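Heads up: the sequence shown begins at 2 in the numbering used here, then just goes up one per residue.
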Amino acid sequence: MSLRYHNKVAIVTGGSKGIGRGIVRVFVENGAKVVFCARGGAAGGALEEELNRTGPGSCKFISCDISKEEDIKRLIAATVELHGHIDCLVNNAGWHPPHKPTDDTTAEEFRDLLNLNLVSYFLASKHALPSLRQRQGNIINVSSLVGTIGQKDAAPYVATKGAIISMTKAMAVDESRYNVRVNCISPGNVLTPLWEELAGQTPDAAAAIKMGENAQALHGRLVQALPFSFGSLRFASSFKAADLTIERNPACKPKPEPSSLVFGKQFSDHMLTINWSDKDGWEAPQIKPFQNLSLHPASSALHYSIELFEGMKAFRGVDNHIRLFRPMLNMERMHRSADRSCLPLFDKAELLECIRKLVEVDQEWVPYSQDASLYIRPTFIGIEPSLGVSRAGKAMIFVIVGPVGPYFATGSFNPVSLLADPAFVRAWQGGVGAYKMGGNYGPTIAVQNEAVKRGCQQVLWLYGEKEEITEVGTMNLFIYWTNEKGERELVTPPLDGIILPGVTRQSLLDLARGWGEFKVTERNMVMKELLSALDAGRVLEVFGAGTACVVCPVGSLLYKGKTYQIPTMQNGPDLAKRFHKELTDIQYGQKPSDWAPLVV
2 MSLRYHNKVA
12 IVTGGSKGIG
22 RGIVRVFVEN
32 GAKVVFCARG
42 GAAGGALEEE
52 LNRTGPGSCK
62 FISCDISKEE
72 DIKRLIAATV
82 ELHGHIDCLV
92 NNAGWHPPHK
102 PTDDTTAEEF
112 RDLLNLNLVS
122 YFLASKHALP
132 SLRQRQGNII
142 NVSSLVGTIG
152 QKDAAPYVAT
162 KGAIISMTKA
172 MAVDESRYNV
182 RVNCISPGNV
192 LTPLWEELAG
202 QTPDAAAAIK
212 MGENAQALHG
222 RLVQALPFSF
232 GSLRFASSFK
242 AADLTIERNP
252 ACKPKPEPSS
262 LVFGKQFSDH
272 MLTINWSDKD
282 GWEAPQIKPF
292 QNLSLHPASS
302 ALHYSIELFE
312 GMKAFRGVDN
322 HIRLFRPMLN
332 MERMHRSADR
342 SCLPLFDKAE
352 LLECIRKLVE
362 VDQEWVPYSQ
372 DASLYIRPTF
382 IGIEPSLGVS
392 RAGKAMIFVI
402 VGPVGPYFAT
412 GSFNPVSLLA
422 DPAFVRAWQG
432 GVGAYKMGGN
442 YGPTIAVQNE
452 AVKRGCQQVL
462 WLYGEKEEIT
472 EVGTMNLFIY
482 WTNEKGEREL
492 VTPPLDGIIL
502 PGVTRQSLLD
512 LARGWGEFKV
522 TERNMVMKEL
532 LSALDAGRVL
542 EVFGAGTACV
552 VCPVGSLLYK
562 GKTYQIPTMQ
572 NGPDLAKRFH
582 KELTDIQYGQ
592 KPSDWAPLVV
């Protein structure tokens, strides 16, 4: 069974009853680790015991008063201490007071309701955001339909729910720079104990409750809201892996020897395609023989770079099983890139299952070697046959795969030299550097050629007047040093809108934080700070991280005509090698991990 939220960490406020209880249950049924809270402990404790018995996820109940900031801080801290991070916050706690006219409501009653229904959402979000930003997680605020359409004799309640909707919109814009999604769902009548309590106060309670029961057209189902979007709002009911058709290639090619592989030059026998149009929505996915695409010459991807891609791998383990590596992180990043490109959104789990099936069909193309792997390239292009600069009315997802050899031909670390020239910029605030779009890569080729002319192998990208250090080549950058306080520290630039949220980057951070042996920091660092640390002998290792190589050590830096030696290799590089071994042991099945789900 595919667990959509396997090992994701979620906090649910007001989780012991009603909608919150249903949310906790669905998360646990899909493999999540849930921390939920409510006032009082009987119902929450019983739910915790029940769900931990049935699984497959797990949950922890914490009794707290969500209207008190200290209790909120305690909830967040307990979650991070228990699980190390937070992926999702569901703000659900709230109350609907009995119906009465505005002039019968005291100011104190209104303030108390604001604290519970609105301020608690703000404070929980505020204190969870540092962890959510690290994980590019999401916040889900539960509002109400009445926040939009109003309700008789319920002005204070309607005000709090309307404010939640407005706050969600503003917070979604603010947090998009960190790739944190903030969504709001506004359910209508949902048959919960609170709703039944309110219905019981009406003149004909039995009739009101019966009407509510009849209104539950989706009774028992958790209704999902559309995600916040950059104006596309084009979820379009997703394709389904269950509808996938397979046409086998009658003329399969011989498989190359792993020792002869060159990156990106050889491809398997099959490919996956999924078409979409404004008129018809998503078509059924197809696996078919590898072939050229047929595109109209005016296709929008060819003219305006309305396209994006992903890069991931499948590995044949020591046990001959084939594994992916944290593939849902790729799907989540692809989904964000699609949203930013105004391409139609899709169900991430359904696409991943289609990709898994493609790898299964072409499993003999996964090299029988622990020095090679199968590279997977999902691509999403606009194919609207029009020269108008607008979002595409037609689009296609296609996935091709091919065997690739080791990044280091010698099987050992080879340090690279970097050119750091502030005249060249890879990405900028407000741009698309945080998304995996082809338009971010083509313009870097000329700069890469310039680096080679100056005797360097890669580019260290700088940004702004202060010359912030951002990325190295097409990799995320890590610096391991002794900071000014004398502490061993691993530093990498934060996900502030110009850094690509790499899967390997996240994995190294997760490993390092799990070890707890040195400080791990996501913050901006400028060239002046790095050069000062080099002069003081405080820099231990500098390396890039990415899918292609896992980690790539840096040996020297050319900046404004001067070459600075970086002692990465002189220091082992102990940390870079440790990271490399940890991840490759997981990828090739030498170390069991839920990061590496089986394909076959």
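We put the CB at the ideal spot given by N, CA and C, even for glycine. All figures in this text were calculated on a predicted structure; none of them were measured in a lab.
Using a threshold of 7 angstroms, state whether the C-beta atoms of residue i and residue j are closer than that.
i	j	result
Leu535	Leu420	no
His271	Asn293	no
Ala577	Val552	yes
Tyr87	Val174	A small correction: the amino acid at residue 87 is Ile; Tyr does not occupy that position in the sequence shown. For Ile87 and Val174, no; Cβs fall outside 7 angstroms.
Val29	Thr80	no
Glu361	Val600	yes
Thr475	Pro494	no
Gln137	Pro502	yes
Leu608	Cys89	In this structure the chain extends from 2 to 601, so residue 608 is not present and cannot be described.
Ser418	Gln458	yes
Under the rule that 16 or more other beta-carbon atoms within 10 Å means buried, what is residue i, buried or exposed?
i	result
Trp516	exposed
Ala537	exposed
Arg22	buried
Phe240	buried
Tyr6	buried
Gln430	exposed
Pro131	exposed
Leu83	exposed
Ala39	buried
Leu388	exposed
Val460	buried
Arg134	buried
Val473	buried
Tyr158	buried
Thr569	buried
Compute the Euclidean distance between the alpha carbons of residue i and residue j, then round it to the nearest angstrom.
i	j	result
Ile499	Asn477	11 angstroms
Lys395	Leu296	11 angstroms
Pro423	Glu469	9 angstroms
Gly487	Val540	12 angstroms
Arg506	Asn118	37 angstroms
Met2	Ile288	Because the pLDDT of Met2 is 41, which lies under 50, any placement of that residue in the model is unreliable, and the number read from its coordinates should be weighed accordingly. Rounded to the nearest angstrom, the two C-alpha atoms are 22 angstroms apart.
Gln267	Ala447	25 angstroms
Ser261	Tyr565	36 angstroms
Ala426	Arg341	It is Val, not Ala, that sits at residue 426 in the sequence shown. One C-alpha to the other measures close to 21 angstroms.
Lys34	Phe62	11 angstroms
Ile1	Gln152	Residue 1 lies beyond the range of the chain shown here (2 to 601); nothing can be said about it.
Pro257	Gly406	11 angstroms
Ala129	Val181	11 angstroms
Met329	Pro99	44 angstroms
Asp154	Glu109	17 angstroms
Pro444	Glu451	12 angstroms
Gly312	Thr161	43 angstroms
Closer than 6 angstroms by C-beta to residue i: which residues in its own chain qualify, once you throw out the five before and the five after it? Chain order, please.
i	result
Lys467	Val527
His336	Lys349
Cys550	Tyr408
Glu308	Ala302, Ile382, Gly439
Phe316	Arg324, Ser374, Gln588, Tyr589
Ile480	Val492, Val543
Beta-carbon within less than 8 angstroms of residue i's beta-carbon, same chain only, minus the 5 sequence neighbours each way: which residues are those?
i	result
Met168	Leu119, Tyr122, Phe123, Asn142
Val319	Gln371, Tyr589, Gly590, Gln591
Trp283	Ala237, Ser238, Ser239, Phe240, Ile275, Asn276, Trp277, Pro345, Phe347
Leu223	For Leu223, the predicted model reports a pLDDT of 34, less than 50, meaning its position is unreliable; a value from the coordinates is still stated below. Gly23, Ile24, Val27, listed in sequence order.
Can you give me the Cβ contacts of residue i inside the same chain, cut-off strictly under 7 angstroms, excluding the 5 residues immediately before and after it?
i	result
Leu146	Ser187, Pro188, Gly189
Asn602	Because the chain is modelled from 2 through 601, residue 602 falls outside the range shown and cannot be assessed.
Glu583	Leu512
Gly221	Here the model assigns Gly221 a pLDDT of 39, short of 50, so the residue's position is not dependable, and the following value carries that caveat. Excluding sequence neighbours, Gly221 sits near nothing in its chain.
Asp363	Ser269, Asp270, His271, Val402
Check: Do three or more CB pairs link the stretch 515-527 to the stretch 380-394 at distances below 8 angstroms?
Finding: no
Next item on the list: Inspect the CB distances between the stretch 18-37 and the stretch 65-73 and report whether three or more fall short of 8 angstroms.
Entry: no
Checklist line | At least 3 beta-carbon pairs within less than 8 angstroms: the stretch 86-103 vs the stretch 137-154 | finding: yes
Check: Just checking, does the stretch 34-49 make contact with the stretch 355-370 on the three C-beta pairs under 8 angstroms criterion?
Finding: no
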